[in-house]
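Here the sequence shown stands for residues 1 to 1100, numbered as in full-length UniProt numbering.
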Amino acid sequence: MAGRKRRETRARYIVFRHAARVQRFLASLEDDRRLKPGHQQLHSFVVPGLQGGKHTVDVTQDITAKSVPKQLTATQEFYVDTPEFAIPEGEIHSVYPPPGHEERSETLPHVVFNTPEFPWEWRASYIEDPPDYKQNRNRVPWLAVLVFTKDELQLSPDDLQGEQSIFRNTKKLPGGAKQTSTLAVNMLVKDVPKLADTASPVKPSPSEPDATTDIIFIKKGLFSTLFAKYDDKGHEDTTATQADVRPYRFLAHKRDINTEGMAIAALTATEEDQSSYGVVFSHRTGPVTITKPTQIIAHLVSIRSVEVMPWPVANDKRYVAMSSLHSWSYTCLPPDTPSIKNMFEALGRSSAMLRSIVQLDQLNPPTNAPKAVQDRVLQRLHDGYALARYRMQTGEQTSCFIRGPFIPVKIPSDITRPWHSLSTSGSDLQILDQQLGLMDITYSAAWQIGRTLAISDADLVSRIGQVRKQIYDRGMHYYQLAALKAHGTRSKSELIAQLPAMVDALQNLHKTAQLCTSDVQARSRRWLRHSIEPVDLSYSGHEAHAMRLASNEENKLPQCFLRAAKEIASAIDPEKPDQPSDVPYNEFNTPYSPDWMALLKFVLDKQVLENIPFHYLIPDISALPLESMRFFRIDWRWMDALLDGALSLSNYIDQDHDKVRDAIFGALKWYHETGVAEHGGEVPPVPVYGCLIRSNLIVKFPDMKVEVLPLQLPDKPPVLMRHKLVTPDTMLCLFSKEPSEPDFDGLALTQPPHQQTFVAGSDLKKDKIEMRYKKAYTADEGSDDVTVPIAIKEWSPNDPKTKEAVYLWDVTPSSSPTIEARRLLMESLASDYLKTVQEKMDKKYFDDDTATSALMAAQMGSVAWRLKLKLSQTNARDELEIDPNVTPSDAPLSEWALRRRRHPVPSHAIQKLPQYYATRPVFYYQVSSTETPSSNTIVATDVEQDLIFRINLEPYTAGDYRLEELKIKVPFGTPQQFPRVLMATYKGSGADMTSNIRFNVMIDLETTDEKVTGMTLRMVPRSRRGYVPVTSCSEISFILSGVVVSQVTQKTWVDLEIKEHYANQGEWNPKNKPDSIVLVPPPAAERAMNLKRIFSRGLS
């Protein structure tokens, strides 16, 4: 791939990369090797220069001499140390299905690597005779993705612990072991050969004698099924003397892509949006006979040395131990469950403008409320406002209206900048709705967050101060020159220019007629000079007032500051590098002031909403429900208020009217109104429109590709300016234009090519598998329709034994029960697919005689779904003008609020610490909703909400205990059953730690008679030690997302069962009884009372 990859840290990298493409396009420097947007290139393999392991260098040198020629030889051995038992941090780009998600049984899980050659870092096969190896068409990777059900990997208690444990001969685990959540055991690599009743291809590394790795134990029969050699009829070759790893060569490939429109991959791509990944996918599917969701565990295992281990596996071995380098779990769904296509279709149908959907009957208004008041409330909510709790300056709590920068309506065209005077505190930006008696704090909150964000950046505060000083000094200089000139004072240049005239006047002085006057007093008046009134040149002097009234606009103080600000905000003059130019600094030229460069970067980053807390962008998350797409306009008034608050810092001159800040805004306006050559002469783009996408599709495909339709011309400014994941399931897109014909009338969401899923077939059931053979090309497809399959084939487990087989449902060994194979026969499938393509495709499109991993990756890839949206303006309307009875707030603090507290000053004496008793740790438990985090009362609404499981340690009770696991059992059931339950079922996205990242929260579903009856939330340490000292567990809270609590009809108390497991201590109940969870029905009456109070204010 051309170009250099680096981690992108700029918020507006899309704009910069687009400008670079424009310059390359105009200079005709486009690289022919560059992949175009929407294209990808597959390579069968890429082997690094030196694979891991031992290498030998032989050197021979021939010496020619007059006497006796001589040949010198030397041999040197060296070892290439490449990660073998653990994946380096950051190496895995993504996995599919994502942990905890759901997929159908035909899905083949895969792993994407950031380093494209990583799957071939070690050699896995030493067979060099096959033609595809000699022709460098395929290579066997050292990694494979295998999937298992829980019962296929779980060891019995006797195998884990006790005298008959398979770990009894190991050094570190003689007393037994414990399996992780993915059913692996972490142990020393050098102890693996000591495992009893177990064979293994894992060999200790000479470079890491004390290395550890996760080991999974595969039953001997299942292992033989995965690595046995099969013919094209699906019959095992019982005469084979070694394991067959060659089919795994079809399961790994390198993938080059164009990352335009991707949120994560673009951050590490080249400047030309090119990136490469290594991909390894599985050939084993999920269970095909299930009728309910089933947990599946995926392991990325090393198959290095499998080919050279004794084969077949000895009869006295019950397990084969394999090294697992990465693992995760997901849920396999039965057939006929919703697919990705259904999710895309539902997402497209959900598109709307960003607002809370509320009807009048949902508000339960009082019967005596006037129709105008009711309409006013609905209008406010329809305009994107939300009701929030608000504390007034007097300390009273009330309600208020608030809205972020995302609005669903247009701003009236008669509202122009500047729409308000500069603020010094933000309180004057509050707007009182007198009809409802509620305050609108939208712009006041924006002003405050802008000031807070600026204060948090110490370097920025310093830069703002420097810019202010430079503008003030330069502006005052221009103003003082103008003031002196108005009083007749000449400048130095004017004085020098008039020197010749003065000399001429002195030479002719004796000729003046005034020397011959008859006035006797003329001589005395000759030296009379009237006193000149001094000029006050200070900022607040009376000359400033006189200058403001002057007829010359350019000499007014604000204009002097604006002139100075434009010079500070300009680029350097190419002819005179120490002087400003008449062109603003635009990030593509050299700034005259480095301080202005930092300030401008802050302003432009905030215009694309960089580092602004998400709850300020959307105050009411109910406006963005799950599985929805919401569009919005960006309120430039909100952005102006935010920047006003940020730039209000370092104002030490004028608290009444900050003229320097006015000048800074004038310089910013100059920047936005000046064309930029790098953008094709257009003005710098600014976000004016956007959308938010909240869906599980974003979790499944974090690099979901976003395209603006129709496709842009390369020399035009970018329409898509920002593309970012703000939460794991929410994507933010910002556009520089509103939807309009013909530049921007549609949007397309496409599965990213490097996260494209793989499937065993178009349909997989217990009695058949169906495959649609795709067209393949070794040349440009031209006008050929690539979407039409060349063949649709079916296979069944009951097919005649003479028919070719591509899928193995199960295997029945002679001396053991039936084993579920659930694997593709890749050799047979590749051969059949290649033969079909050769027969059905014209040679001008496909001309090849070898099946490669690139060919099979194209066939095994699932359909890449693309959602196209036609955007329209039908959902938008002009925002109404504020009514005349709506006035700005002017509420000073009341007298009592200014009184001092009457509490005594705390004593400075050192308080005695409580006595330390190392009895046992004491944790406090409380469950609350994120809506009311300080209360254990949860409103039982019928919408999903996030629950906070707050777990805090009582001080001085940690002792020397080590926490190995904490379990919280959550039973499922109906609201009427006893004991009471928290929820009927759980379908959320999982749990996440709030701050203490030493733990992971795992969710285990419990079943009884094939019915899900509850779940267990298990907090397990991330550490390989398997425990966390309680001294590091002062706070171990987590959030469980997407919970629909039990729909109770009356106040209900729910208790949960909690178990704490400590190292060498066993399992204990909490010392203090956890707080009960209080469920209350939706407060319809309380909501009606609140609205009645609002309406009554409107009536008054």
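Virtual Cβ for every residue (Gly too), placed ideally from N, Cα, C.
Span separating the alpha-carbon of residue i from that of residue j
i: V1080; j: G973; result: 17 Å
i: V811; j: T1007; result: 28 Å
i: R139; j: L267; result: 30 Å
i: N136; j: Q40; result: 21 Å
i: D232; j: L808; result: 11 Å
i: R12; j: T674; result: 19 Å
i: V608; j: I296; result: 41 Å
i: E1060; j: W1068; result: 5 Å
i: A748; j: M629; result: 12 Å
i: I431; j: Q466; result: 34 Å
i: S934; j: G746; result: 44 Å
i: K410; j: S736; result: 15 Å
i: D640; j: N611; result: 16 Å
i: G404; j: L354; result: 11 Å
Environment of residue i [buried if 16+ CB atoms lie within 10 Å]
i: M704; result: buried
i: S276; result: buried
i: I997; result: exposed
i: I792; result: exposed
i: R548; result: Its pLDDT being 49, under 50, R548 is placed unreliably in this model, and the value from its coordinates should be taken loosely. The residue is exposed, with fewer than 16 neighbouring Cβ atoms inside 10 Å.
i: T205; result: It should be pointed out that residue 205 corresponds to Ser in this sequence rather than to Thr. Buried.
i: G49; result: exposed
i: P534; result: exposed
i: N258; result: buried
i: P500; result: exposed
i: M502; result: exposed
Where residue i sits in the DSSP three-state scheme
i: D191; result: helix
i: R12; result: coil
i: C1033; result: coil
i: W419; result: coil
i: M639; result: helix
i: I910; result: Residue placement at I910 is poorly supported in this model, since its pLDDT is 31, which falls under 50; the coordinates still yield a value, given next. Note: I910 maps to coil in three-state DSSP.
i: A851; result: coil
i: I290; result: coil
i: A897; result: Caution applies to A897, whose pLDDT of 29 falls short of 50 and renders its modelled position unreliable; the model cannot decide the point.
i: Y330; result: strand
i: W795; result: strand
i: S889; result: Residue placement at S889 cannot be trusted, given a pLDDT of 38 that sits under 50; the coordinates are not used to answer.
DSSP bridge partner residues for residue i (one or two, in chain order)
i: D440; result: F401 and I431
i: G278; result: F113 and K254
i: M1019; result: L966 and V1001
i: P580; result: I572
i: D214; result: N186 and S324
i: G690; result: F632 and L734
i: S207; result: Answer by DSSP bridge pairing: none, since S207 is not bridged.
i: A352; result: R630
i: P591; result: A571
i: F744; result: S740
N- and C-terminal bounds of the beta strand (DSSP E) containing residue i
i: P971; result: R962 to P971
i: T225; result: No beta strand (DSSP E) holds T225; the alpha helix (DSSP H) holding it covers K220 to F227.
i: P701; result: Looking at the sequence itself, residue 701 is Phe, so the reference to Pro does not match. F701 -> no beta strand (DSSP E), and no H or E assigned at all.
i: T802; result: No beta strand (DSSP E) holds T802; DSSP gives it neither H nor E.
i: Y616; result: From DSSP, Y616 is part of no beta strand (DSSP E) but of the alpha helix (DSSP H) over F614 to L617.
i: M993; result: G990 to M993
i: V939; result: T937 to V939
i: V46; result: Segment: none, V46 is in no beta strand (DSSP E) and carries neither H nor E.
Residue range of the alpha helix (DSSP H) that includes residue i
i: W670; result: K659 to E673
i: L160; result: P157 to L160
i: D375; result: K371 to H382
i: M826; result: M826 to K840
i: R463; result: A458 to A486
is_contact[residue i, chain D] using C-beta, thresh 9 Å
i: Q41; result: Among the protein chains of the structure shown there is no chain D, as only one such chain exists.
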